[in-house]
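K.L.:
So the sequence lines, in the order shown, correspond to chains A and B.
Read in full-length UniProt numbering, the first sequence has 3 at position 3, and its numbers run on one by one without any break.
Read in full-length UniProt numbering, the second sequence has 73 at position 73, and its numbers run on one by one without any break.
Take this structure first; my questions come after.
2 protein chains.
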Amino acid sequence: MNQSARRGQEQTEGIRSRARRAVRAETTEVAVDLFLRNGFDATTIEEIAAAAGMSRSTFFRYFGSKEDAVLGELADYGERVLAALCERPEDEQPWTSLRQALEPVLPLPADASPEVAAQAVRRSRLFIETPSLRARHFEKTLTWQGILRPEVARRLRCGTEDPRPAALIACVLACLDAALEAWTRCDGSVPLRELLDAAADAVGPRGRG
Amino acid sequence: MNQSARRGQEQTEGIRSRARRAVRAETTEVAVDLFLRNGFDATTIEEIAAAAGMSRSTFFRYFGSKEDAVLGELADYGERVLAALCERPEDEQPWTSLRQALEPVLPLPADASPEVAAQAVRRSRLFIETPSLRARHFEKTLTWQGILRPEVARRLRCGTEDPRPAALIACVLACLDAALEAWTRCDGSVPLRELLDAAADAVGPRGRG
DNA sequence: CTCTAACATGAGACAGAGTATCAGGTTTGG
DNA sequence: CCAAACCTGATACTCTGTCTCATGTTAGAG
Numbered sequence: 001m002n003q004s005a006r007r008g009q010e011q012t013e014g015i016r017s018r019a020r021r022a023v024r025a026e027t028t029e030v031a032v033d034l035f036l037r038n039g040f041d042a043t044t045i046e047e048i049a050a051a052a053g054m055s056r057s058t059f060f061r062y063f064g065s066k067e068d069a070v071l072g073e074l075a076d077y078g079e080r081v082l083a084a085l086c087e088r089p090e091d092e093q094p095w096t097s098l099r100q101a102l103e104p105v106l107p108l109p110a111d112a113s114p115e116v117a118a119q120a121v122r123r124s125r126l127f128i129e130t131p132s133l134r135a136r137h138f139e140k141t142l143t144w145q146g147i148l149r150p151e152v153a154r155r156l157r158c159g160t161e162d163p164r165p166a167a168l169i170a171c172v173l174a175c176l177d178a179a180l181e182a183w184t185r186c187d188g189s190v191p192l193r194e195l196l197d198a199a200a201d202a203v204g205p206r207g208r209g
Numbered sequence: 001m002n003q004s005a006r007r008g009q010e011q012t013e014g015i016r017s018r019a020r021r022a023v024r025a026e027t028t029e030v031a032v033d034l035f036l037r038n039g040f041d042a043t044t045i046e047e048i049a050a051a052a053g054m055s056r057s058t059f060f061r062y063f064g065s066k067e068d069a070v071l072g073e074l075a076d077y078g079e080r081v082l083a084a085l086c087e088r089p090e091d092e093q094p095w096t097s098l099r100q101a102l103e104p105v106l107p108l109p110a111d112a113s114p115e116v117a118a119q120a121v122r123r124s125r126l127f128i129e130t131p132s133l134r135a136r137h138f139e140k141t142l143t144w145q146g147i148l149r150p151e152v153a154r155r156l157r158c159g160t161e162d163p164r165p166a167a168l169i170a171c172v173l174a175c176l177d178a179a180l181e182a183w184t185r186c187d188g189s190v191p192l193r194e195l196l197d198a199a200a201d202a203v204g205p206r207g208r209g
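Okay, structure coming up:
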């Protein structure tokens, strides 16, 4: 019984959670399309649900809010940034480490076809130009601060009650935001990483070589 | 008709707008009290309106949203920061100028009785600990960015399509945010300006004497 | 003083977001 | 075949925010 039960659970869990993820992903695609076409505010949840072939109730079982339909995964990105940060060398400047730790969560996977890039720009523009989405985006990155703070405080050799770890993290994220904004404004004609480096270098501590 | 109408408008505007401001201020006080006592989400607009002696309809004539009842004036602060920024010497580092330009909008007017300070801490804590308020606070400071960007771009001698002006401004504001957070966490036992300087020095470009 | 026009208020209807509950249908495992 | 767990849809509800209409109030003109 132990074995069969485990096997059964693995199967169901595997299947169901896979199905959930698939439905989630498809619904997100549908929502992004609708938002880009008709605008975020003008699109109702009922419309999204209908276009995704589900009821309003079910939509709210997959997403906690309208904004979540677009930036739901974002909350998990904090862990990725933390992992990337922990792999940076200990003697590196924290500011540099943080900027590099953003690499895995940039909307463009470093190598990308022009088509994918165009889609990424449109999506970023949606985030940047819709106030409520931008605010939620900001809320999500606030959770990253809580995740990253201990490691940054350790590298700065200060307590978490010190304002500096939070300031460093928030500023790196602000640079990312500014870079994304410039990126969408120029329609992706300048590489995002270039803009991010420019922003980070303009703010971060200089004078090291 | 033009002149008499204008004169009439000026008079009524004087009295009426003064009345409006007074009602606005009182309602804000009431709302802050209720929010601090029962929490932001648990307080309904109907309750605020009742406590302020007005109807729900009237409340929405004074404030565009629930959050606006608390941080309504905030949008105007951008102009103050701009004015302070323009008075900084031309050859000063933009980062320093920006940090100093925040002085007139700090919640504590530099000289303040312990009683006023305690109230300011409680109010800041309300902003920091309520996610929707913090998000709206962020939205408001976004408008500051648009106001400050031209002057910062001028001082940086670069165009507004460059990501650096926006990054500088957003980072200074992020430092303010981090300082406010640390300030509320220690219950105001460390001066806000000290925390802000610590945050700004940790992030901003060093190496100038 | 009276009248008018601008303004402020309250009441009510409305749509949308988000929550909670209930009933019916499907899958999983025994 | 059966039972438990799960997913779904329908419904009702609260609250936010917008809009309209009717009423009351105030400032200024004649």
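Cβ atoms here follow ideal geometry from the backbone N, Cα and C, with glycine treated the same way.
1) The region 158-181 of chain A: which residues have C-beta closer than 8 Å to a C-beta of chain B, in chain order?
2) Is the beta carbon of Ala135(B) less than 8 Å from the beta carbon of Arg136(A)?
3) Could you check where the alpha helix (DSSP H) with Lys140(B) kicks off and where it finishes?
4) So, using beta-carbon positions, are Ala19(A) and Leu34(A) closer together than 8 Å?
5) So, at 8 Å on beta carbons, what are the nonlocal neighbours of Thr184(A) in its own chain, with the 5 sequence-adjacent residues on each side left out?
6) If you check the beta carbons only, do Leu196(A) and Leu168(A) fall under 8 Å apart?
7) For a quick check, are the C-beta atoms of Pro163(B) and Ala170(A) less than 8 Å apart?
8) Return the Cβ separation of Pro94(B) and Arg193(B) in integer angstroms, given the expectation that the two are a contact with Cβ distance under 8 Å.
9) Return the residues of the region 102-115 of chain A that lie within a Cβ-Cβ distance of less than 9 Å from chain B, sorted by chain order.
10) Report buried or exposed for Gly72(B), applying the criterion of at least 16 other Cβ atoms within 10 angstroms of its Cβ.
11) Applying a beta-carbon distance threshold of less than 9 Å, which residues of chain A neighbour Phe59(B)?
12) Compute the Euclidean distance between the alpha carbons of Val203(A) and Gln145(B), then round it to the nearest angstrom.
13) Which value, in whole angstroms, describes the spacing of the CA atoms of Arg21(A) and Val172(B)?
14) Entirely within the region 99-128 of chain A and at least 3 residues each: give me those beta strand (DSSP E) ranges in chain order.
15) Reducing DSSP to helix, strand and coil, say where Asp177(B) ends up.
16) Just to check my reading of the structure: Val70(A) and Val32(A) have Cβ atoms closer than 8 Å, yes? What is that Cβ distance to the nearest angstrom?
17) From the DSSP output, in three-state form, read off Asp187(A) for me.
18) Do Glu181(B) and Ala49(A) have their CB atoms nearer than 8 Å?
19) Is Leu85(A) close to chain B, meaning its C-beta is less than 8 Å from at least one C-beta of that chain?
20) In terms of residue numbering, what span does the alpha helix (DSSP H) encompassing Phe40(B) cover?
21) Helix, strand or coil: which one does DSSP assign to Thr160(A)?
22) Please list, in chain order, the chain B residues whose beta carbon lies closer than 7 Å to that of Pro191(A).
23) 8 Å is my cut-off, CB to CB: does Val203(B) come that close to chain A?
24) Nearest CA to the CA of Asp201(B): which residue from Asp68(A), Asp201(A) and Pro205(A)?
25) Under 8 Å, Cβ to Cβ, is there at least one residue of chain A near Ala199(B)?
26) Please confirm whether Leu126(B) has its beta-carbon closer than 8 Å to some beta-carbon of chain A.
27) Apart from the five residues just before and just after Arg80(B), which ones in its own chain have a Cβ nearer than 8 Å to its Cβ?
28) Would you kindly work out how many angstroms separate the C-alpha atoms of Pro89(B) and Ala101(B), rounded to a whole number?
29) Checking 8 Å against the spacing of the C-beta atoms, do Phe40(B) and Leu133(B) come in under that value?
30) Quick one: residues in its chain with C-beta nearer than 7 Å to the C-beta of Leu85(A), no 5 flanking neighbours on either side, listed in chain order?
31) For a quick check, are the C-beta atoms of Arg37(A) and Glu46(A) less than 8 Å apart?
32) Out of curiosity, what's the CA-to-CA distance linking Ala118(A) and Thr43(B)?
33) Classify Ala110(B) as buried or exposed, calling it buried when 16 or more other Cβ atoms lie within 10 Å of its own Cβ.
34) Which residue marks the beginning of the alpha helix (DSSP H) containing Arg56(A), and which one marks its end?
35) Quick one: is Phe63(B) near chain A, going by C-beta distance under 8 Å?
P.N.:
Taking the definition as stated:
1) Glu161, Asp162, Pro163, Arg164, Ala166, Ala167, Leu168, Ala170, Cys171, Leu173, Ala174, Cys175, Asp177, Ala178, Ala179 and Glu181
2) yes
3) Pro131 to Leu156
4) no
5) Val121, Ser124, Arg125, Ile128 and Glu129
6) no
7) no
8) Contact doesn't hold; Cβ gap of about 20 Å is too wide.
9) none
10) buried
11) Under the 9 Å cutoff, chain A gives no residues; its nearest Cβ is about 21 Å from Phe59(B).
12) 15 Å
13) 39 Å
14) none
15) helix
16) 6 Å
17) coil
18) no
19) no
20) Per DSSP, Phe40(B) belongs to no alpha helix (DSSP H) and is neither H nor E.
21) coil
22) Result: empty, since nearest Cβ-Cβ is about 12 Å, beyond 7 Å.
23) yes
24) Pro205(A)
25) yes
26) no
27) Pro104 and Val105
28) 11 Å
29) yes
30) Ser97, Leu98, Ala101, Leu148 and Glu151
31) no
32) 44 Å
33) exposed
34) Arg56 to Tyr62
35) no
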